[in-house]
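Q: Residue numbers (the UniProt record's numbering): 1 to 436. Glycine included, C-beta positions come from ideal geometry on N, C-alpha and C. Structure below; questions to follow.
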Amino acid sequence: MARGIHASIAGMLFGYDTGIISAVLVYIHEGLNTRTLTSNEKELITLLCSGGAFYGAIMAGLTADKHGRKAAIYFGCVLFIVGAVLQGAAYMTVQMAVGRVIVGFGVGSAAMVAPLYIAEVAPAKVRGRLIGLNNMSITGGQVISYAIGAAFANVNHGWRFMVGLGALPAIILAALMPFCPESPRHLVYNNRKEKTEAVLRRIYGHPSDNQLASILASISAACDEAREINEGATRWTKIKQLHTVPSNLRALISACGLMVISQLSGFNTLMYYSSTLFALGFDNPTAVGIVVAGTNLIMTWVNMMIVDKLGRRRLLLSTVWGMSVGLIAVAVAFQFIPVDIDTLELKGNGVSPPAIVVLVFIIWFVVFYGVSVGNTAWMNTDFFPLEVRAMGTMWLTCSNCGSNVIVSSTFLSMMKAMIPSEAFRFYAAICEIGYI
């Protein structure tokens with residue numbers, strides 16, 4: 001149990017680094033290039049993290065198979081620390097961009113390896129809860145990022161503290177990992193059965209010899225089957241196997257399709273640009289963002305409690321419609337908020353009734369998103385058989401990061417080209433397609 005909690009810190013890092021950019025974009029002012037950033041520069045800084053995450057997931061997938069799950073987590077911690085330092089010390093856009101890419105590598109690594117590691121070290125009776133805990137850690141990291149953003153909002157160069165503090169959880173995780181065992185499946189797959197027995201005794205709390213033998217036999221059988229399938233196989237062969245074996249391809253399409261819908265629904269526009277968005281109606285946009293992130297955290301917990309009882313498909317079918325309704329209401333309310341399209345700034349001051357309606361229905365959207373697709377999409381690593389699980393999880397993470405690149409690189413441009421109301425109607429249409 002403790003090992004799963006330790007590994008879930010990687011999820012918190014994921015959430016923190018995707019959420020903190022929201023406050024940074026509002027309070028960075030003239031901190032880079034001694035001038036205010038343009039909308040295109042803000043989109044670039046935001047999307048580079050998602051772009052880096054795409055390649056980070058690929059690197060982690062290769063590292064996790066060859067060198068073990070723990071090695072991939074260590075690698076991710078180093079990337080988080082280096083990226084956080086570079087961002088905090090940046091004075092030019094290019095320096096910030098390099099830091100964001102490196103942090104993106106860490107985000108992709110954490111997103112890919114953490115749920116895989118937890119699934120393989122957790123006893124079956126608590127496995128689902130611990131994977132759900134990793135999802136809660138992601139949303140918890142987002143809440144913490146908004147709280148940090150609000151705390152440093154009025155501090156001179158506070159944005160540097162916001163990004164620099166991202167190194168702290170990575171240092172803690174790296175310090176805790178020596179106390180965590182390697183994945184027993186990885187050990188058995190690499191013919192290290194003696195060490196596997198010691199690891200299983202730690203995981204299952206000193207089981208009897210018969211229980212240990214049964215667990216080990218089950219893991220060995222799965223690994224022998226995977227080894228037989230993969231004997232002499234290269235990485236390219238595994239990728240080909242994932243895409244050409246019908247059952248593997250169905251699992252890949254189902255898992256990645258759901259992940260793409262979860263990202264293109266527009267939720268991450270709230271994570272990346274919520275402070276910018278809520279500045280169109282509220283005096284303290286970062287503090288308002290905490291309400292949204294906190295709602296997502298609560299609904300992630302609700303999802304963890306009910307998903308196994310209701311089933312993933314039933315839960316999705318009963319909630320995705322609510323996401324679309326919430327976004328349509330947001331689109332309608334934005335028609336009554338006067339916005340300067342050139343600068344994406346509010347015309348006038350004060351909190352208006354339409355702004356309150358926007359906040360209410362964004363929370364509505366987050367309730368339906370958090371209890372269903374937002375978290376269920378990350379629970380699909382078990383769709384893939386062991387012999388292609390790391391590769392399948394890698395592509396699942398890549399589909400997340402790739403669709404994130406699309407969202408993060410187009411939102412501000414869409415707000416200008418289509419006006420805010422039309423942008424949210426577009427995301428509502430994506431949700432309707434996902435429901436169908």
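Just curious, the alpha helix (DSSP H) that residue 437 is in, first and last residue?
A: An answer regarding residue 437 cannot be provided, because it is not within the stretch 1 to 436 covered by the chain.
Q: Since residue 85 and residue 164 are thought to touch, with beta carbons under 8 Å apart, how far apart are those beta carbons, to the nearest angstrom?
A: Here residue 85 refers to the residue found at position 85 of the sequence shown. Here residue 164 refers to the residue found at position 164 of the sequence shown. With a Cβ gap of about 7 Å, residue 85 and residue 164 count as contacting.
Q: Cα separation between residue 121 and residue 238?
A: Translated into positions along the sequence shown, residue 121 becomes position 121. Translated into positions along the sequence shown, residue 238 becomes position 238. If you take the alpha carbons of residue 121 and residue 238, they lie about 23 Å apart.
Q: Which term fits residue 112, buried or exposed, when burial requires 16 or more other beta carbons within 10 angstroms of its beta carbon?
A: On the sequence shown, position 112 is the one that residue 112 refers to. When all chains shown are included, residue 112 counts as buried.
Q: So, at 6 Å on beta carbons, what are the nonlocal neighbours of residue 296 in its own chain, with the 5 sequence-adjacent residues on each side left out?
A: For this step, residue 296 is matched to residue 296 along the sequence shown. Result list for residue 296: 139, 366 and 370, in chain order.
Q: In terms of residues, what are the limits of the alpha helix (DSSP H) holding residue 437?
A: Within the shown structure, residues of the chain are numbered from 1 to 436, placing residue 437 beyond reach of any answer.
Q: Provide the residue span of the alpha helix (DSSP H) that contains residue 69, from first to last.
A: One-based indexing of the sequence shown puts residue 69 at position 69. That run of the alpha helix (DSSP H) goes 69 to 88.
Q: How big is the Cα-Cα spacing for residue 38 and residue 416?
A: In the sequence shown, residue 38 corresponds to position 38, counting from 1. In the sequence shown, residue 416 corresponds to position 416, counting from 1. Looking at the two C-alpha atoms, the distance is approximately 13 Å.
Q: Count the other C-beta atoms from every protein chain shown that fall within 10 angstroms of the C-beta of residue 308, then say buried if there are 16 or more, exposed otherwise.
A: Position 308 of the sequence shown, counting from 1, holds the residue named residue 308. By the neighbour-count criterion, in which a residue is buried when 16 or more other Cβ atoms sit within 10 angstroms of its Cβ, residue 308 is exposed.
Q: Rounded to whole angstroms, what's the CA-CA distance from residue 364 to residue 255? Just pull it up for me.
A: The residue you call residue 364 lines up with position 364 of the sequence shown. The residue you call residue 255 lines up with position 255 of the sequence shown. If I take the Cα positions, the gap works out to 25 Å.
Q: Note down the Cα distance separating residue 115 from residue 336, rounded to an integer number of angstroms.
A: In the sequence shown, residue 115 corresponds to position 115, counting from 1. In the sequence shown, residue 336 corresponds to position 336, counting from 1. Taking the straight line from one Cα to the other gives about 43 Å.
Q: Please report the residue range of the alpha helix (DSSP H) in which residue 256 lies.
A: Along the sequence shown, one-based indexing puts residue 256 at 256. Note, residue 256: alpha helix (DSSP H), 246 to 264.
Q: Hey, would you say residue 62 sits closer than 7 Å to residue 42, going by beta carbons?
A: Walking along the sequence shown from the start, residue 62 turns up at place 62. Walking along the sequence shown from the start, residue 42 turns up at place 42. No, these two residues do not count as a Cβ contact at 7 Å.
Q: Should the segment 399 to 412 be called in touch with the segment 193 to 205, which here means at least 3 C-beta pairs below 8 Å?
A: no
Q: Give the range of the alpha helix (DSSP H) segment to which residue 375 is assigned.
A: In the sequence shown, counting from the first residue as 1, residue 375 sits at position 375. Here the alpha helix (DSSP H) through residue 375 covers 373 to 376.
Q: Does the segment 212 to 225 come close enough to the segment 83 to 97 to have 3 or more Cβ pairs within less than 8 Å?
A: no
Q: Is residue 205 helix, strand or coil by DSSP?
A: Position 205 of the sequence shown, counting from 1, holds the residue named residue 205. In the structure shown, residue 205 sits in coil (DSSP, three-state: anything other than H, G, I, E or B).
Q: Short of 7 Å in beta carbon distance, which residues of its chain neighbour residue 172, apart from the five on each side in sequence? Order them along the chain.
A: The residue you call residue 172 lines up with position 172 of the sequence shown. Hits under 7 Å: 9.
Q: Using DSSP with H/G/I as helix, E/B as strand and the rest coil, what is residue 64?
A: Indexing the sequence shown from 1 puts residue 64 at position 64. If DSSP states are grouped into helix, strand and coil, residue 64 belongs with the helices.
Q: Can you give me the C-alpha to C-alpha distance between residue 431 and residue 264, rounded to a whole angstrom?
A: Residue numbering aside, residue 431 sits at position 431 when the sequence shown is read from its first letter. Residue numbering aside, residue 264 sits at position 264 when the sequence shown is read from its first letter. Rounded to whole angstroms, the separation of the alpha carbons of residue 264 and residue 431 is 8 Å.
Q: Quick check on residue 152: does DSSP put it in helix, strand or coil?
A: Residue mapping note: residue 152 aligns to position 152 of the sequence shown, counting from 1. Reduced to three states, the DSSP call for residue 152 is coil.
Q: Whole angstroms is fine: what's the gap from residue 286's alpha carbon to residue 142's?
A: Looking up residue 286 in the sequence shown gives position 286. Looking up residue 142 in the sequence shown gives position 142. Taking the straight line joining both Cα atoms gives about 12 Å.
Q: Quick one: is residue 155 buried, meaning 16 or more other Cβ sit within 10 Å of its Cβ, or exposed?
A: Position 155 of the sequence shown holds residue 155. Classification for residue 155: exposed.
Q: Taking the CB atoms as reference points, tell me whether residue 184 and residue 196 lie closer together than 7 Å.
A: The residue labelled residue 184 in the question sits at position 184 within the sequence shown. The residue labelled residue 196 in the question sits at position 196 within the sequence shown. Yes. Within cutoff.
Q: Give the list of continuous alpha helix (DSSP H) stretches no shorter than 4 residues that lie fully inside the segment 135 to 182.
A: The segment 135 to 182 is shown to contain whole alpha helix (DSSP H) runs of 4 or more residues at 158 to 164 and 167 to 176, in chain order.
Q: Is the CB-CB distance between residue 241 and residue 388 below 7 Å?
A: The residue given as residue 241 occupies position 241 in the sequence shown. The residue given as residue 388 occupies position 388 in the sequence shown. Result yes, Cβ atoms of residue 241 and residue 388 sit closer than 7 Å.
Q: Within 7 Å of any Cβ in chain B, is that where the Cβ of residue 359 sits?
A: Reference to chain B is not applicable here, since this structure consists of a single protein chain.
Q: Just the Cα atoms here: how many angstroms apart are residue 291 and residue 174?
A: For the purposes of this step, residue 291 is taken as residue 291 along the sequence shown, with counting starting at 1. For the purposes of this step, residue 174 is taken as residue 174 along the sequence shown, with counting starting at 1. Whole-angstrom Cα-Cα distance: 31 Å.
Q: For residue 296, name the three-state secondary structure that DSSP assigns.
A: Along the sequence shown, read from residue 1 onward, the residue named residue 296 stands at position 296. Looking at residue 296 - three-state DSSP - the assignment turns out to be helix.
Q: Taking the alpha-carbon of residue 212 as reference, which of 193, 225, 223 and 224 has the nearest alpha-carbon?
A: Start at 1 with the first residue of the sequence shown, and residue 212 comes out as number 212. Looking at the Cα atoms, 193 is the closest of the given residues.
Q: With a threshold of 7 Å on Cβ separation, who are the neighbours of residue 323 within its own chain once the five nearest residues in sequence on each side are excluded?
A: Within the sequence shown, residue 323 is the residue found at index 323, counting from 1. Cβ within range, chain order: 265, 365, 368, 369 and 431.
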